[in-house]
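Asks: If you read the sequences in order, they're chains D and B. FYI, the numbering used here numbers position 160 of the first sequence as 160, with every residue one higher than the one before it. FYI, the numbering used here numbers position 82 of the second sequence as 512, with every residue one higher than the one before it. Glycine residues also receive a C-beta, built at the ideal position from the N, C-alpha and C atoms. Got a structure for you, written out below as structure tokens; questions coming shortly.
Number of protein chains: 2
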Amino acid sequence: MNKFVNIALVGLGQIGNYLYNELNIKKKEIEIKTGKHIRIVAISAKNRNKKRRFKINKKIFYQNPLNIFKDKKIDILIESIGLSDGISKKIVETALKKKINVITPNKALIAKHGDYLSQIAEKKNVCLEFEASVAGGIPILKTIKEGLATNRFKKIYGILNGTTNYILTEMENTNETFDKVLQKAQKLGYAEPGNPKLDLNGFDAFAKVRILSALAFNNRISKHKCLMEGIQNIDLKDIKIASQLNLRIKLLGISEIINNQLFETVHPCLVSKKSYIGNVNGVMNAIIMQGKPVGESILQGEGAGPGPTSSSLLSDLLTIMKGNINKPFGLSSHKRKAIKAFDIKNYSNSLYLRFEVKDKPGVLSLITNRLAKFKISIKRIIQTPDKKNNKATIVIITHKTTEINAKKSLNIFRKNKNILKFPILIRLYN
Amino acid sequence: MNKFVNIALVGLGQIGNYLYNELNIKKKEIEIKTGKHIRIVAISAKNRNKKRRFKINKKIFYQNPLNIFKDKKIDILIESIGLSDGISKKIVETALKKKINVITPNKALIAKHGDYLSQIAEKKNVCLEFEASVAGGIPILKTIKEGLATNRFKKIYGILNGTTNYILTEMENTNETFDKVLQKAQKLGYAEPGNPKLDLNGFDAFAKVRILSALAFNNRISKHKCLMEGIQNIDLKDIKIASQLNLRIKLLGISEIINNQLFETVHPCLVSKKSYIGNVNGVMNAIIMQGKPVGESILQGEGAGPGPTSSSLLSDLLTIMKGNINKPFGLSSHKRKAIKAFDIKNYSNSLYLRFEVKDKPGVLSLITNRLAKFKISIKRIIQTPDKKNNKATIVIITHKTTEINAKKSLNIFRKNKNILKFPILIRLYN
């Protein structure tokens, strides 16, 4: 790389635009740290005239990002469009094939095509860096690849989505319903105004889990079927009951090696209010790793937003500018192995079950008999009558049981006239 | 560097010996990740025949580490003797001058001679890595240098010494005195059996603060006079009173830019039991950074012991083996500037003051008048009489005041017959 480094910036949304400004104001500092001078030689976005927080230089604007390659000599391309396929994939693929280093915060792209793209990068001996794709400003990928390199990990889990964590925290603090708090989150820019689904249903967190697993366990990005649940069905009522039990609901992403098999999941968990993870609130993200010989390590920080994301993008930029050619996943693609999936059916947890029932004799025993039939033993029962409506709420905390057992035992409650709705199930984190 | 990497290991105490074993069992994995094969070609320690946890190969043993250079071609030298000067300095200096990369967990050496040694490393174009010198297994230095590179930090603080944190936690949990708990810590290997002074008096944490500042603020390691207090004088009584006030005592290391001046300190702090830092217990370390644009970031992990320390040493090894030549402090020595010191006298905090007094009329007003004279206003007073002995304990929580004011106002209590001992002062963390 020369003393001058030519950068192309593709995608000028919230993140791309913030980064554009950061690059301009930090030129001098980057020069001090790397001895090289950066030049933004091309920018591209859908809409040239959209109102942006920071003014862009329209002289270097490209409507079609693929044209950049024809006109300019690019050293580093930063992709922040954010699609898992389409133009995002096309532009990254093309850049790598042309021996151009790529930086991207695009978790959807990496979770889906990371293996393929890293092979191109390795073949062409350029970098593909994606620190910002997981947990925003927290440098978790570099920590696994470098700071904790040679540790043997058995588990990595945490709060990987700031939107859902904000919603859960806010529901508990304000006693407002999911819908109300979601609206607030959208107003504050924490949730997508149009379609917040990918945050809420766990998909966003799950893409991050896939990337984390690949790094922590040196396997190829898995395509296994998985257990993915979001927070769409979390009711204020469950948050309140949890609170009385000194528990709190958190959407956790978990990746774990069980019997040499990989288990990846995202689902709401009940955690102790006294636990560390139970106190990571609002838009904060946190990741906990269990490694040998390092022991338990925790990283916490702001998981989203243009500031933290730019912090990680710039960190990738410096890595590349220092001339280090890293393997995208920390080791050669052909050394990364496929790993067998742990069978979801055998995933085992204590469960929180909430039944809404008619307040009639025999209903409780119907439930407890059914659980007993599947050897699900009960740790705690709280029955709260609603006399006026002749109803009751029964909350049961079970001892550990498998997914398959839980599913089978609860199935029957779909059509029982005394069970007013299908029971709510939330797993306890253990 | 060749396909074979020759390693010399100098110092075979707890850490060196554990690392020796790790290197042997992780050879294969290191080869997969770096494409290079390591060979331990020389080891050295004071005592060849000392009983060690892992067996060493005596054929490559050197009594005098300086002789290694004569006999062997070394690529990387790992120093884990631990002295701030003497043979530790000599061996590192010699290695660097001979263009040999150096890895060390030796915070005393780096805090004292880091600037000088890094200049040699840069001149000779080799690496001097010292990730393990701060916070054991937590990759905090790489995080500042790389993961959060280009962030502007204004403050970095945390629990940097596991020994003292264990003692404080254990005193609170067991109601045992400082001396009793210290003995327990020594038995468990958390405190030096012979001379635990450097942990207890804050010196160990302070060396780490100096290193952290240099990295976070890009300045040369400061030599300023500083405020350094350990936990030697923490009484069980203060821990109990703090607990009643929902506070907890933690030994914090703090480095901060105030009015463009550097302030570095280590002293016990009263923190809220509800705060994050108030819940980092036992031998855990934690570091909190406030940076722009990343926001607040937290790293937590095991701060000491051979396992976590080896994790960081191996991470340094991989960095070097991947062929990256990094500046030891993240940028050229000649670009790192001296930074003016913030005057300790103006350091300002709320204070916890505990007076042991004779239970006589006029004593409280003596104290409050004295504080008022120095414009120290009082937030809270708790007076607990000890009728039997005709004594009383007066605890005062003040509003913010400066060090100089506090010192001047308390001075008078050295010789007053109604004040039974010089008051205890603990700063509240704000």
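Report, in whole angstroms, the separation of the C-beta atoms of residue 453 of chain B and residue 470 of chain B, which I expect to be a contact under 8 Å.
Replies: Their Cβ separation, rounded to whole angstroms, is 6 Å, which keeps residue 453 of chain B and residue 470 of chain B in contact under 8 Å.
Asks: Compare the C-alpha of residue 696 of chain B against each of B/690, B/746 and B/632 and name the closest.
Replies: It is B/632 whose Cα lies nearest to the Cα of residue 696 of chain B.
Asks: Write down the C-beta distance between residue 490 of chain B and residue 449 of chain B rounded to the nearest angstrom, noting that I regard them as a contact closer than 8 Å.
Replies: Contact doesn't hold; Cβ gap of about 15 Å is too wide.
Asks: Please decide whether residue 299 of chain D counts as near chain B, where near means a Cβ-Cβ distance under 8 Å.
Replies: Chain B contact via Cβ: present.
Asks: Does any C-beta atom of chain D lie closer than 8 Å to the C-beta of residue 563 of chain B?
Replies: Not an interface residue.
Asks: Excluding the five sequence neighbours on either side, which residues of its own chain have a C-beta within less than 6 Å of the C-beta of residue 636 of chain B, listed in chain order?
Replies: Around residue 636 of chain B: 658 and 696.
Asks: By a C-beta neighbour count over all protein chains shown, 10 Å radius and 16 as the cutoff for buried, is residue 544 of chain B buried or exposed?
Replies: Its Cβ being crowded by 16 or more others within 10 Å, residue 544 of chain B is buried.
Asks: Can you give the beta carbon distance from residue 105 of chain D to residue 80 of chain D, rounded, assuming they're within the 8 Å contact cut?
Replies: That belief holds up - the Cβ atoms of residue 105 of chain D and residue 80 of chain D are roughly 6 Å apart, short of 8 Å.
Asks: Considering Cα atoms alone, identify which of B/584, B/558, B/767 and B/529 is closest to residue 537 of chain B.
Replies: Comparing Cα-Cα distances from residue 537 of chain B to each of B/584, B/558, B/767 and B/529, the minimum goes to B/558.
Asks: Counting only beta-carbon atoms, is residue 853 of chain B nearer than 8 Å to chain E?
Replies: Going by chain labels, chain E is absent from the structure shown, which instead holds the protein chains D and B.
Asks: Determine the contact status of residue 189 of chain D and residue 303 of chain D, defining contact as a CB-CB distance below 8 Å.
Replies: Against a cut-off of 8 Å, the Cβ pair of residue 303 of chain D and residue 189 of chain D comes out as no contact.
Asks: Please report the straight-line C-alpha distance between residue 461 of chain B and residue 335 of chain D, rounded to a whole angstrom.
Replies: Approximately 11 Å between the Cα atoms of the pair.
Asks: What residues match up with residue 469 of chain B in a beta bridge as DSSP calls it?
Replies: According to DSSP, residue 469 of chain B bridges with B/436.
Asks: What are the complete alpha helix (DSSP H) segments, minimum 4 residues, inside the region 292-327 of chain D?
Replies: The region 292-327 of chain D contains these whole alpha helix (DSSP H) runs: 306-321.
Asks: Starting from the C-beta of residue 465 of chain B, find all residues in its chain whose C-beta is less than 8 Å away, skip the five residues before and the five after it, and write them out in chain order.
Replies: So the list reads 433, once near-sequence residues are dropped.
Asks: Label residue 377 of chain D either buried or exposed according to how many other C-beta atoms from any shown protein chain fall within 10 Å of its C-beta, with 16 as the threshold for buried.
Replies: Per the 10 Å Cβ criterion, exposed.
Asks: Among the candidates D/210, D/116, D/332 and D/231, whose CA atom is the shortest distance from the CA of residue 263 of chain D?
Replies: Ranking the options by Cα distance to residue 263 of chain D, first place goes to D/210.
Asks: With respect to the beta strand (DSSP E) encompassing residue 588 of chain B, which residues constitute its N-terminal and C-terminal limits?
Replies: Counting along the chain, the beta strand (DSSP E) containing residue 588 of chain B begins and ends at 582-589.
Asks: List in chain order: all unbroken beta strand (DSSP E) runs of 3+ residues lying wholly within the region 248-288 of chain D.
Replies: DSSP runs (the beta strand (DSSP E)) wholly in the region 248-288 of chain D: 261-272.
Asks: Say whether chain D places a C-beta atom closer than 8 Å to the C-beta of residue 548 of chain B.
Replies: It does not; no Cβ of chain D falls within 8 Å.
Asks: Please list, in chain order, all residues of the same chain as residue 615 of chain B whose beta carbon is under 7 Å from its beta carbon, the five residues on each side excluded.
Replies: The answer, listed in chain order, is 593, 596, 597 and 621.
Asks: Mapping the DSSP letters down to three states, classify residue 576 of chain B as helix, strand or coil.
Replies: Here residue 576 of chain B sits in helix by DSSP.
Asks: Give the range of the beta strand (DSSP E) segment to which residue 531 of chain B is assigned.
Replies: Where residue 531 of chain B is concerned, the enclosing beta strand (DSSP E) stretches over 531-533.
Asks: For residue 356 of chain D, report the span of its beta strand (DSSP E) as first-last.
Replies: Run containing residue 356 of chain D: 351-358, per the beta strand (DSSP E) assignment.
Asks: Can you give me the Cβ contacts of residue 326 of chain D inside the same chain, cut-off strictly under 8 Å, excluding the 5 residues immediately before and after it?
Replies: The residues are 127, 129, 145 and 319.
Asks: Name the chain B residues whose beta carbon is nearer than 8 Å to that of residue 315 of chain D?
Replies: Within 8 Å Cβ-Cβ: 576, 577, 578, 579 and 580.
Asks: Return yes when at least one heavy atom of the ligand ATP lies under 7 Å from the C-beta of residue 264 of chain D, else no.
Replies: For the ligand ATP, the structure offers nothing, since it holds no ligand at all.
Asks: So residue 169 of chain D packs on residue 285 of chain D, CB below 8 Å; how close in whole Å?
Replies: With 8 Å as the limit, residue 169 of chain D and residue 285 of chain D do not qualify as a contact, their Cβ atoms being about 13 Å apart.
Asks: Could you tell me the boundaries of the beta strand (DSSP E) in which residue 76 of chain D lies?
Replies: Where residue 76 of chain D is concerned, the enclosing beta strand (DSSP E) stretches over 76-79.
Asks: What does residue 741 of chain B reach in chain D if we use C-beta pairs closer than 8 Å?
Replies: Those are 148, 150, 151, 291, 293 and 294, listed as they occur along chain D.
Asks: How about the region 298-314 of chain D and the region 379-394 of chain D: do they share at least three Cβ pairs that are nearer than 8 Å?
Replies: Taking 8 Å as the limit for Cβ pairs, the verdict is that the region 379-394 of chain D does not touch the region 298-314 of chain D.
Asks: With three or more C-beta pairs closer than 8 Å as the rule, is the region 816-833 of chain B touching the region 779-795 of chain B?
Replies: With the cut-off at 8 Å, the region 779-795 of chain B and the region 816-833 of chain B touch.
Asks: So which residues on chain D does residue 597 of chain B lean against when the C-beta distance must stay under 7 Å?
Replies: The premise fails here: residue 597 of chain B is roughly 19 Å from chain D at the closest Cβ pair, so nothing lies under 7 Å.
Asks: So, at 6 Å on beta carbons, what are the nonlocal neighbours of residue 671 of chain B in its own chain, with the 5 sequence-adjacent residues on each side left out?
Replies: Hits under 6 Å: 825.
Asks: Would you please verify whether the beta carbon of residue 761 of chain B is less than 8 Å from any beta carbon of chain D?
Replies: Taking Cβ atoms only, chain D reaches closer than 8 Å to residue 761 of chain B, which makes this a yes.
Asks: Who pairs with residue 219 of chain D in a beta bridge, going by DSSP?
Replies: For residue 219 of chain D, which the question treats as bridged, DSSP gives the partners D/337.
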